[in-house]
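Numbering (the numbering used here), first residue to last: 9 to 980.
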């Protein structure tokens with residue numbers, strides 16, 4: 009089974025060589041109790057260590073089950089110690105920070121035995137040595153004899169073939185020594201026990217064989233293996249097949265020892281728990297760098313969150329804007345600068361003029377272009393990536409939102425606001441420019457603005473202090489400021505204060521008049537504001553057709569009352585207040601309305617009579633009846649057409665007019681009841697008399713007078729439209745006196761007269777000063793698919809850059825005429841601030857990282873000290889089969905634990921420190937920055953701490969792995 013063949017062991021000490029064993033040859037039986045006796049220094053322990061695989065022989069051979077160990081590698085020796093050898097030492101060599109059960113289980117752990125089986129076998133081994141009731145005690149809680157029993161149980165638990173005992177009773181009293189020897193003798197019945205001892209009495213009493221050594225040589229063997237016994241001749245072994253080699257390899261792999269990392273963690277954790285104060289101080293020192301970086305990241309994160317909020321809020325007020333007609337201001341400035349540089353090529357002996365105005369106009373004309381928004385809108389609608397990059401994509405239209413409010417004194421226009429114009433502050437042209445400025449993110453004059461279609465963003469920017477957010481097209485919200493106040497400009501514009509008191513106030517003030525303005529602070533309850541009602545009137549409904557043309561009726565008070573009364577009612581359903589942490593707001597006005605209100609308005613405008621008429625007659629101005637001036641009709645108009653010299657044509661024209669006039673007069677006289685008028689062609693005398701009798705007049709002359717007087721001031725378009733509300737009582741009485749035939753005849757006459765007037769205007773040789781597009785714009789005509797402008801609200805600046813890339817991709821895919829020019833109001837301002845903040849954070853982190861590296865080096869030094877402290881534990885682990893890699897893993901596990909504790913401690917302290925930091929920031933500034941450590945950053949910092957300490961512990965762990973187990977076991 010075990011055979012030593014001429015084993016020699018030499019130690020090199022300085023320049024000399026010491027021979028510990030000098031050709032020892034011994035054969036051992038499978039089960040016997042062998043005692044090795046000899047004086048100190050004779051080589052007993054060296055021989056035991058070579059048999060146990062802890063030490064290597066210099067020459068000779070050690071055969072195990074007939075197999076030579078000359079070619080054994082480290083892993084083979086580790087497996088041999090773990091599966092075939094059990095050590096019992098004089099000083100017990102138990103790991104002090106492990107329980108009795110854990111000490112015994114350790115060898116099984118290296119063998120890869122499952123937890124349940126490991127515990128079962130360990131308990132059985134302890135019961136075998138009489139310690140079944142001492143499982144959870146620590147070694148320092150037991151007597152010497154009990155600790156030696158634990159050592160024996162540990163040696164037996166893996167069921168080894170050989171038990172090596174080095175002075176097992178050397179540290180015990182006589183009684184306990186006898187107990188241990190009896191235990192070993194009972195074990196020797198089925199195992200080989202080799203014991204080294206200085207006590208010949210115990211050896212003689214309990215051993216079955218005694219071998220004596222002196223100066224590294226065997227001088228006596230009481231029961232050597234009989235050499236005269238002829239062993240059976242072994243058949244020559246066959247060449248192993250591939251299957252045999254595979255099976256042998258599988259078996260070696262199965263026997264290979266390996267300590268699981270969890271076991272290494274458990275060992276290191278228990279060791280660290282015995283030194284809690286030092287571990288805590290070491291971890292705290294290692295956490296200082298983590299604390300510094302975590303605090304920088306927390307403040308940087310707070311600033312970044314604030315910047316992100318500012319970005320979101322700012323971009324909700326300043327979107328990427330694409331208008332139908334646009335000019336790139338940057339391109340204009342660059343072109344003008346380049347032209348100026350090119351023109352400055354003259355001598356400087358005189359003063360020269362600079363063509364700045366001409367260059368500006370030329371450049372403006374060159375750089376101004378019309379965007380094809382209809383095509384671009386379709387592209388945006390089909391782009392699936394845009395939704396994640398934007399808070400909203402808002403399409404605006406040229407349709408005017410006409411809002412009015414009703415009161416006892418009449419109707420008042422609320423939007424577009426005319427308050428500044430009425431005050432004499434600016435003209436209507438300036439008002440229009442201001443209104444456009446408001447639509448582009450500036451401060452406009454209108455208090456009504458479209459809300460962004462992103463309820464989540466509105467929830468972040470505003471608090472609903474009363475009511476709710478609008479859900480229908482005819483619902484709006486009122487926006488107050490952070491102090492629950494409303495600007496008095498808004499109150500005057502909405503009619504909550506009397507705007508007539510401000511009429512002409514600016515002109516009067518400039519003229520030196522004494523004026524007074526209501527400065528009293530007015531208070532409104534939420535219910536009062538939620539009761540506000542407005543009326544929306546589409547622009548076409550502000551016009552009325554008269555004599556063939558459409559007339560603006562905004563100056564007609566009675567008409568406007570009726571138009572407003574028939575308008576769409578708008579209700580205030582909620583009151584919003586900006587959130588305290590919001591840096592900007594997406595609703596630019598005091599009244600916010602939904603996008604579908606504009607969609608509703610567009611449909612109303614498109615389906616109106618005047619718009620349909622203008623679309624049906626694109627060459628005629630519906631407001632004047634004149635033709636629009638075009639290049640074609642201007643060319644047709646020459647001097648011959650302006651002065652008609654053809655007398656025949658003139659005569660025919662006059663005859664036609666006379667005939668038309670005569671026919672009209674006849675109809676008018678008939679309607680009026682004039683008996684002197686001839687009976688019109690197609691009507692019998694009986695029909696004529698019946699009509700006269702139906703009129704109710706005493707005679708035809710009276711009826712004629714009444715009819716003519718009534719018709720003289722009558723609104724003829726009211727009769728055509730069937731609307732009698734604008735007629736006087738006399739006119740209503742007259743109309744009521746007419747028969748159906750007379751009324752129909754009157755309508756026919758009015759239509760003919762209107763057509764005649766329209767035809768005369770259209771062919772009068774004069775042309776409208778307007779054009780078709782201007783008229784449609786005046787009427788507020790829009791097509792949903794073709795917006796007037798597009799406002800793209802990016803989520804943040806990174807998203808804005810991606811949106812710009814999308815626009816660039818679109819421009820690359822279309823022709824020059826369809827390329828899109830956009831306006832970016834915010835530009836790179838906030839992104840540059842973000843870059844600066846990031847740069848500062850990186851610099852600070854770099855400085856603090858130095859302390860993190862220093863603390864990691866310190867942890868490496870502490871780990872090296874731990875290696876020195878645990879040297880004996882290293883020898884114990886190696887003796888039960890732990891490999892060099894397992895030893896490295898133990899100390900790597902220790903650095904991982906220290907690194908994790910340092911990282912976690914640093915994060916906890918940093919979280920606690922953010923509380924006073926936030927209080928200081930809140931006290932010193934009004935900026936809503938809240939320092940907070942992101943969860944991801946906390947996890948990463950802990951991981952960095954673990955990695956750095958692991959790296960710092962690599963050197964100490966390698967030192968530990970290289971320690972000689974024999975020397976390690978001798979360390980106290």
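Don't be surprised by glycine CBs; every beta carbon is placed ideally from N, CA and C.
The model shown is predicted, which means the values in this text are computed figures rather than measured ones.
Cα-Cα separation, residue i to residue j
| i | j | result |
| --- | --- | --- |
| residue 242 | residue 882 | Low confidence applies here, because residue 242 scores a pLDDT of 43, under 50, leaving its location unreliable; read the following figure in that light. Rounded to whole angstroms, residue 242 to residue 882 spans 42 Å at the Cα level. |
| residue 484 | residue 582 | 7 Å |
| residue 879 | residue 148 | 18 Å |
| residue 280 | residue 970 | 22 Å |
| residue 150 | residue 82 | 35 Å |
| residue 669 | residue 776 | Only weak support is given to the placement of residue 669: the predicted model assigns it a pLDDT of 47, under 50, and the value that follows is read from those uncertain coordinates. Each residue's Cα considered, the two are about 27 Å apart. |
| residue 57 | residue 13 | 16 Å |
| residue 637 | residue 627 | 8 Å |
| residue 202 | residue 55 | 10 Å |
| residue 621 | residue 630 | 7 Å |
| residue 96 | residue 183 | 18 Å |
| residue 899 | residue 890 | 13 Å |
| residue 238 | residue 33 | Here the model assigns residue 238 a pLDDT of 43, short of 50, so the residue's position is not dependable, and the following value carries that caveat. Roughly 19 Å separates the two Cα atoms. |
| residue 510 | residue 495 | 15 Å |
| residue 48 | residue 26 | 15 Å |
| residue 287 | residue 897 | 19 Å |
| residue 205 | residue 66 | 24 Å |
| residue 569 | residue 560 | 14 Å |
| residue 41 | residue 161 | 17 Å |
| residue 946 | residue 128 | 42 Å |
| residue 71 | residue 181 | 37 Å |
| residue 7 | residue 586 | Residue 7 lies beyond the range of the chain shown here (9 to 980); nothing can be said about it. |
| residue 908 | residue 313 | 28 Å |
| residue 956 | residue 131 | 40 Å |
| residue 604 | residue 402 | 11 Å |
| residue 208 | residue 864 | 55 Å |
Same chain only: Cβ atoms within 8 Å of residue i, ignoring 5 sequence neighbours per side
| i | result |
| --- | --- |
| residue 609 | 407, 409, 544, 546 and 788 |
| residue 963 | 868 and 872 |
| residue 811 | 328, 394, 397, 398, 800 and 802 |
| residue 107 | 143, 144, 145 and 146 |
| residue 197 | 39 |
Boundaries of the beta strand (DSSP E) in which residue i is found, first to last residue
| i | result |
| --- | --- |
| residue 15 | 10-21 |
| residue 173 | 170-174 |
| residue 30 | 24-36 |
| residue 53 | Element bounds for residue 53: not the beta strand (DSSP E) but the alpha helix (DSSP H), 52-59. |
Contact belief for residue i with residue j at Cβ below 8 Å, rounded distance in angstroms
| i | j | result |
| --- | --- | --- |
| residue 808 | residue 819 | Not a contact, Cβ separation roughly 16 Å. |
| residue 277 | residue 905 | 6 Å |
| residue 391 | residue 814 | 6 Å |
| residue 939 | residue 310 | 4 Å |
| residue 968 | residue 886 | About 10 Å separates the two Cβ atoms, so there is no contact after all. |
Delimiting residues of the alpha helix (DSSP H) encompassing residue i
| i | result |
| --- | --- |
| residue 973 | 973-978 |
| residue 271 | 269-281 |
| residue 783 | 780-786 |
| residue 498 | 496-502 |
| residue 68 | Per DSSP, residue 68 belongs to no alpha helix (DSSP H); it is in the beta strand (DSSP E), 67-72. |
Neighbourhood of residue i by C-beta distance below 7 Å, restricted to the same chain and skipping five residues each side
| i | result |
| --- | --- |
| residue 61 | 85, 88, 89 and 93 |
| residue 98 | 174, 175, 176, 178 and 179 |
| residue 102 | 111, 147, 155, 158 and 159 |
| residue 856 | 297, 300, 301 and 304 |
| residue 780 | 626 and 636 |
Residues near residue i by beta carbon distance below 6 Å, same chain, minus five either side
| i | result |
| --- | --- |
| residue 851 | none |
| residue 228 | 220 |
| residue 538 | 475 and 580 |
| residue 512 | 432 |
Item to complete: For the region 290-302 and the region 904-924, state whether three or more C-beta atom pairs, one from each stretch, are separated by less than 8 Å.
Response: yes
Discussion item. Does the region 614-622 come into contact with the region 546-558, if we say contact requires no fewer than three beta-carbon pairs (one atom in each stretch) closer than 8 Å?
Written reply: yes
Item to complete: Pair every Cβ in the region 59-78 with every Cβ in the region 103-122, then say whether three or more of these pairs are closer than 8 Å.
Response: no
Worksheet item: Using 8 Å as the threshold, is the region 920-940 in touch with the region 127-145, meaning 3 or more CB pairs across them?
Response: no
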